[in-house]
Structure formats: structure tokens, C-alpha cells
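K.L.:
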Amino acid sequence: MNASMVMAILKTEITSSALILRVIAGVIFAAHGSQKLFAWFGGYGLEGTGQWMESMGIAPGFLMALLAGSAEFFGGIMLILGLLTRPSALVLALTMLVAILTVHISNGLFMANNGYEFGLALLAMSVALVFQGGGRYSVDTVLSNR
């Protein structure tokens with residue numbers, strides 16, 4: 090990977106607003122991922138989440154739970170740090186798109202019906218970070234200034 094490609098990935102808009110967006114989205118994603126991976130915060134862990142995914146026709150369930158949980162947990166941590174914000178946010182946006190289309194879309198918009206409202210909000214936050222980058226207070230900014 091050449092230096093110009095690395096700089097393009099780390100490039101960010103020098104604003105403070107990304108910090109708020111990154112931290113809030115990162116905490117939510119990391120918490121949801123930890124439910125899937127480690128059964129924290131009332132989650133079911135890999136086995137339980139994998140069985141649920143398999144029952145929804147998302148197979149192989151264990152692997153899909155591992156992929157979704159890893160994307161959410163590690164992607165959330167990366168957002169909090171502002172490290173590789175654009176690629177992390179892109180992976181999270183794709184994860185939310187899959188969740189919306191495979192699990193929530195048939196239930197309508199509202200969360201009360203297990204709809205896609207929450208996933209859509211997380212998708213929008215992720216896409217905004219893909220375009221904006223990590224912002225002024227991010228590891229990306231520190232690395233790109235070297």
C-alpha cells in the first residue's frame with residue numbers, strides 16, 4: 090500500500106462534530122457486538138446468536154454471528170478511537186444494510202414492531218462517517234499529520 094493510498098484512507102474533515110457522532114455510534118456498535126460475541130449486556134453470545142440467525146435463514150449462523158459481532162464490536166472500538174474511521178464506518182454501514190434487509194425490513198419502520206428504524210439511524214451515522222472521516226479529535230488526524 091503506497092503512502093498516497095494510506096493518506097486517502099486517513100484523510101478527514103477537520104471538524105469537531107465527528108467526535109460526537111463517532112463516540113455515540115461506536116459505543117452503540119461495540120455494545121451490540123459484545124452481546125453477539127461475548128453474551129455481555131444481556132446478549133446470547135456466539136452460540137445463541139448463531140442459532141437465532143440460522144432460524145431466520147441466515148446461514149451458517151455461527152459464522153454470520155461471528156462476522157456481524159466482530160464488525161460491530163471491533164468497528165465500534167475503531168470509531169471511538171477514530172482509527173481507520175472511513176473503512177470501519179463502511180463495514181458497519183454494510184453490516185446495518187444487511188441487518189435491515191434480512192431481519193427488519195418486513196416489520197416496517199418502527200422499532201416497536203422490530204422494524205428498521207434503529208438500523209436506519211445507525212446506517213446513516215455510519216455513512217456520514219464514511220464521507221466525513223474521523224474529524225479533528227481522531228487517531229486518523231494524528232497519523233495523517235505525520
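Take 90 as the starting number for the sequence shown in the working numbering and just add one per residue. A virtual CB, placed ideally from N, CA and C, is assigned to each residue, including glycine.
Near G115, which residues of its chain fall below 6 Å by C-beta distance, leaving aside the five closest residues on each side in sequence?
P.N.:
Numbered from its first residue, the sequence shown carries residue 115 at position 26. Around G115: G165, L168, I169.
K.L.:
Looking at C-beta atoms only, is the number of pairs between the stretch 171-183 and the stretch 212-219 that lie closer than 8 Å three or more?
P.N.:
Segments in contact, yes.
K.L.:
Which same chain residues, not among the five before or five after A120, have their C-beta less than 7 Å away from its C-beta?
P.N.:
Position 31 of the sequence shown, counted from the first residue, corresponds to residue 120. Same-chain partners within the cutoff: F130.
K.L.:
When DSSP labels each residue in this structure, what does K125 get in the three-state scheme?
P.N.:
In the sequence shown, the residue the question calls residue 125 occupies position 36. Taken through DSSP and simplified to helix, strand or coil, K125 comes out as helix.
K.L.:
Spatial neighbours of L110 within its chain, please: C-beta separation below 7 Å, excluding the five flanking residues on both sides.
P.N.:
Within the sequence shown, the letter at position 21 stands for residue 110. M214, A217, L218.
K.L.:
Evaluate the contact criterion for the stretch 100-107 versus the stretch 217-231: three or more CB pairs, one atom per stretch, below 8 Å.
P.N.:
yes
K.L.:
Give me the Cα-Cα distance between I93 and F162, rounded to the nearest whole angstrom.
P.N.:
Reading the sequence shown from its first residue, position 4 is the one you call residue 93. Reading the sequence shown from its first residue, position 73 is the one you call residue 162. The question names Ile, but residue 93 in the sequence shown is Ser. If I take the Cα positions, the gap works out to 29 Å.
K.L.:
I'd like the list of long-range same chain contacts for S177, defined as Cβ closer than 7 Å, with 5 residues on each side in sequence excluded.
P.N.:
Indexing the sequence shown from 1 puts residue 177 at position 88. So the qualifying residues of the chain are G164, M167, L168.
K.L.:
What is the DSSP secondary structure of A148, counted as helix, strand or coil?
P.N.:
As a first step, residue 148 must be located in the sequence shown, where it is residue number 59. In the displayed model, A148 falls within coil according to three-state DSSP, outside both helix and strand.
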